[in-house]
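Data block below; observations after.
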Amino acid sequence: MDVWEKLQILSAAARYDVSCCTSGVARGGAAGGIGNAAQAGICHSFAADGRCISLLKVLFSNACRYNCAYCMNRAGNDVPRATFTPQELADLTIQFYRRNYIEGLFLSSGIVRDPDYTCEQLLTVVRLLREQYRFGGYIHVKAIPGADPRLITQLGLLADRMSVNIELPSEQSLTRLAPDKNRQTILRPMALIRDGIAENRHDLVRYRAAPAFVPGGQSTQMIVGATGETDYTILTLTQALYRRYALKRVYFSAYVPVNSNPLLPATTTKPPLLREHRLYQADWLLRYYGFTADELLDPAHPNLHTMVDPKCSWAVQHMEFFPVEVQTAPREMLLRVPGIGPRSVQRILYARRAARLDFEALRRIGVVLRRAQYFITCGGKQMPGLRTDPEAVLRALISDAQQQAMPAQDRQLTFWDQTITREDVVPCLT
Amino acid sequence: MSDVRYLYNDTADGMFCCLYECLAARRIPAEILPQPQADLSFYEEIYVPTDPARAEKMRTAIRQRISPYALRLAEEGFLCACEGKERLILDFVRLGLHFGARVTGLAGNPVVDRLQKAVQALHREAHQYLGFVRFSEYDRALCAEIEPKNQVLGLIAPHFCARYPQETLMIFDRTHRQLLVCARGQARILPVERFDWQPADAEETRYRALWKLFYDTVAIPERENPRCRLSHMPKRYWNHLTEQQEQTRPA
């Protein structure tokens, strides 16, 4: 089998891994080598599904011993199998990198033989790149659950980012769908990497030349829509992962039915893309806006609204905090206004020291007034000509895309039943 | 505003000399434009000769009387594609001389806002080109061609020099007819009229085809979303992207 066929099989097998992030590491070029890394990360292309491509994302091998129900590479599936040699993979990475196709390598693998053997293979590839080619680009590598902690530590000293997939949002689902994995084998390497990073921070303070351990941080991913968990469960778990394991990112992947199995949704099910999108919006609120999972959802309302984004949804239900005075409001409160993001907040704080703001200035700063207008005053005044009839409010808060998605003839009437209830909107009118 | 048009030689130094001239003569021109202008003008035309010492004087004045950040905005404003950028920079400098360092904080001011947005667009485009430049190997040199709106070569040069310390690089900017050459960590930008491409050799063809294969395979068919792709990677970049051209599988 030649490299062409291997690449075809092993990139198709890796495409359900979400992360393609290359940010968080700044590194100058290595003398005598090749490659650097940019703090902000660099996207090199965008695939037909709109996702960014910045890393050569492949499996080392898809000859997996495990039999996870949701995975196309499960042992029980009749699919072509392939395994790279470390040399082939290193050569592809370097040649793609030289032509500026990619920012580096994303390396994962099915479990060949046993976790230790698989981990050793990954280590060989990464070593070859770092030591022989003196490759200074970005490397994201999967920590193989169940592998010897020493191997994972060695990988961590060479990689920029590591990840262990938590796979499913609850232990019951994991036991049911991934019989070879369990919660402990997943969380153990995650804790190991967390402690390694913390210890390394400490060392770096003391010795400048201490080798960096996973400087880009660790991430994880879970499948959404393959099992019955609510958004509340998912967000609570996400928050716990950020807090307890100090993760950089938690990724969600809308379940694409690749196998037919009575435990899984039918193969005709469309991937729940909108739900995934709302979860990401909520994830951003957790990370950058100071929200907590319990503010956004509770057991009585366990799912995110499909029509309005989670921030708007929170705001209309908490009108007691609004309107916010833009000239004087503290940072935390500005961040909670729909239509104002971290960047606008930064600019507002900067601009209001130099001059009084008006609505025109806010618009130029980048505030989305269409949404923010209901929640702010500027110099004590509301936006001139503000229309607060229910229809106008809903039109403003529901994105154009969502309005288009609604059936045309009852676009207005069903507003009321499907989306926010009248009680939610009324306070924002008064 | 008066009915005069200042002309200069389309270099940064030339533009700063124009600014100097305007401020010293207290004469605000209707337009400042790079020479030669083909259109019939109703304005009186004054050609401002380029004098590096005078340009330096203008730069120092901006740095000291406004702020280093304001000077950076003016310098980078010159690289922008935005129409009437010279006049905009002049207005900005005049505001700056009035307000001092505070001027860059006046995000609500239309002049400051337009200049900042133009410079932002320049940086955004430069950042996108860090990813969208595609090199081909010819004779052991890595060559690429780009068609940017703004003059991004100077901004992307340090990144590529650091990235490939062992290689000789050439990036040709077709819009502005400039060639960036990086060799052994040294970067230079030269004016170049044309850049001729040789046909790719077997190895080059092979990696192009492998990359296209990877690009096509890594997309999840069930999630196809052409609009999302276009918003991140507008069509104007596609001409020079390897993965958007036909590639043939090597034998």
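The listed protein sequences derive, respectively, from chains W and C.
Going by my numbering, the first sequence wraps up at 430, each residue one higher than the last.
Going by my numbering, the second sequence wraps up at 1251, each residue one higher than the last.
The beta-carbon is built from N, C-alpha and C at its ideal position, and this holds for glycine as well.
Shorter than 7 angstroms, the distance from the beta carbon of residue i to the closest heavy atom of the ligand NAD, or not?
i, result
"W:Ala-392", "Here there are no bound small molecules, and the ligand NAD is not part of this structure."
Output needed for residue i: all residues of its chain with C-beta closer than 8 angstroms, excluding positions within five of it in sequence on either side, in chain order.
i, result
"W:Gln-409", "Note that W:Gln-409 scores a pLDDT of 43, beneath 50, so its modelled location is shaky; the value from the coordinates is reported in the next line. Closer than 8 angstroms at the Cβ level, and outside the excluded window around W:Gln-409, lies no residue."
"C:Pro-1052", "Asp-1013"
"C:Thr-1011", "Thr-1050"
"W:Tyr-251", "Val-18, Ser-19, Ser-219, Thr-220, Gln-221, Met-222"
"W:Thr-430", "Residue confidence for W:Thr-430 is low, a pLDDT of 40 falling below 50, so the modelled location carries little weight; the figure read from the coordinates is stated next. Same-chain partners within the cutoff: there are none."
"C:Arg-1249", "Ala-1209, Leu-1213"
"W:Glu-332", "Gly-290"
Under 6 angstroms Cβ to Cβ from residue i, same chain only, skipping five residues before and after it: list those, please.
i, result
"C:Gln-1151", "Leu-1079, His-1176"
"W:Leu-413", "Any answer about W:Leu-413 is weak, because its pLDDT of 40 lies below 50 and its placement is not dependable; what the coordinates show is given next. For W:Leu-413, where only same-chain residues beyond five positions count, there are no Cβ hits under 6 angstroms."
"C:Cys-1018", "Tyr-1006, Tyr-1008, Ile-1032, Val-1048"
"C:Leu-1180", "Leu-1153, Ala-1157, Ile-1171, Ile-1189"
"W:Met-133", "Checking the sequence shown, residue 133 of chain W turns out to be Tyr, not Met. The residues are Ile-94."
Looking at the secondary structure, which residues open and close the beta strand (DSSP E) in which residue i lies?
i, result
"C:Ala-1144", "1141-1146"
"W:Arg-249", "249-254"
"C:Arg-1005", "1004-1008"
"C:Lys-1057", "Looking at the DSSP string, C:Lys-1057 is not in any beta strand (DSSP E); the run it does join, the alpha helix (DSSP H), is 1052-1065."
"C:Thr-1188", "In the sequence on display, residue 1188 of chain C carries Arg and not Thr. Counting along the chain, the beta strand (DSSP E) containing C:Arg-1188 begins and ends at 1186-1191."
"C:Glu-1045", "1044-1047"
"W:Phe-434", "Chain W is shown only over 1 to 430; residue 434 of chain W falls outside these bounds and no answer can be derived."
"C:Cys-1182", "1178-1183"
"W:Ile-186", "Premise fails: W:Ile-186 lies in the alpha helix (DSSP H), 183-206, not in any beta strand (DSSP E)."
"C:Met-1015", "Here C:Met-1015 belongs to no beta strand (DSSP E); instead the alpha helix (DSSP H) covers 1012-1025."
"W:Pro-86", "First-last for W:Pro-86: 86-98, but that is the alpha helix (DSSP H), not the beta strand (DSSP E)."
"W:Ser-163", "161-163"
Would you call the CB atoms of residue i and residue j closer than 8 angstroms?
i, j, result
"W:Leu-122", "W:Ala-90", "no"
"W:Ser-11", "C:Thr-1050", "no"
"C:Pro-1148", "C:Asp-1173", "yes"
"W:Ile-340", "W:Ala-372", "yes"
"C:Arg-1257", "W:Gly-33", "Any property of residue 1257 of chain C remains undetermined from this structure, which presents chain C solely from 1001 to 1251."
"W:Tyr-101", "W:His-140", "no"
"C:His-1098", "C:Leu-1130", "no"
"C:Ile-1046", "C:Val-1004", "yes"
"W:Gln-327", "W:Arg-356", "yes"
"C:Glu-1145", "C:His-1240", "yes"
"W:Ala-31", "C:Pro-1165", "yes"
"W:Pro-271", "C:Arg-1229", "no"
"W:Leu-235", "W:Ala-282", "yes"
"C:Ala-1219", "W:Ala-47", "yes"
"W:Gly-24", "W:Gly-156", "no"
"C:Glu-983", "C:Lys-1212", "For chain C, the structure presents residues 1001 to 1251; residue 983 of chain C sits outside this window and is missing."
"W:Ala-37", "W:Tyr-138", "yes"
"C:Leu-1090", "C:Val-1112", "no"
"W:Asn-200", "W:Ala-191", "no"
In the DSSP assignment, the alpha helix (DSSP H) including residue i goes from what residue to what residue?
i, result
"W:Ala-14", "3-14"
"W:Tyr-242", "231-245"
"W:Glu-332", "331-335"
"C:Val-1111", "1110-1132"
"C:Cys-1080", "Premise fails: C:Cys-1080 is in no alpha helix (DSSP H) and is neither H nor E."
"C:Asp-1173", "Here C:Asp-1173 belongs to no alpha helix (DSSP H); instead the beta strand (DSSP E) covers 1168-1173."
"C:Phe-1160", "1153-1163"
"W:Arg-364", "359-365"
"C:Val-1218", "1202-1218"
"W:Lys-311", "310-317"
Leaving out five residues on either side along the sequence, give the residues of the same chain with a beta carbon under 7 angstroms from the beta carbon of residue i.
i, result
"W:Pro-342", "Tyr-288, Leu-335"
"W:Leu-263", "Ala-69, Arg-176, Leu-177"
"W:Ile-42", "Thr-22, Ser-54, Glu-103"
"C:Ala-1118", "Gly-1077, Cys-1080, Cys-1082, Lys-1085"
"W:Ser-260", "Thr-267"
"C:Gln-1186", "none"
"C:Phe-1016", "Ala-1055, Met-1058, Arg-1059"
Would you please state the rounded distance, in angstroms, between the beta carbons of residue i and residue j? I believe it to be under 8 angstroms.
i, j, result
"W:Val-224", "W:Leu-279", "6 angstroms"
"W:Ser-19", "W:Arg-249", "7 angstroms"
"W:Asn-239", "W:Ala-293", "Residue identity check: residue 239 of chain W is Gln in the sequence provided, not Asn. 4 angstroms between Cβ atoms; contact."
"W:Met-481", "W:Ala-143", "In the structure as shown, chain W starts at 1 and stops at 430, and residue 481 of chain W therefore has no counterpart that could be examined."
"W:Phe-84", "W:Lys-6", "6 angstroms"
"W:Asn-62", "W:Gly-76", "Not quite, the Cβ-Cβ distance comes to about 13 angstroms (not below 8 angstroms), so this is no contact."
Item to complete: Kindly confirm or deny that the region 1099-1112 of chain C and the region 1132-1139 of chain C touch, where touching means at least three C-beta pairs closer than 8 angstroms.
Response: no
**Request:** Pair every Cβ in the region 322-337 of chain W with every Cβ in the region 375-385 of chain W, then say whether three or more of these pairs are closer than 8 angstroms.
**Result:** yes
Is the region 360-369 of chain W close to the region 303-314 of chain W, with three or more CB pairs under 8 angstroms?
-> no
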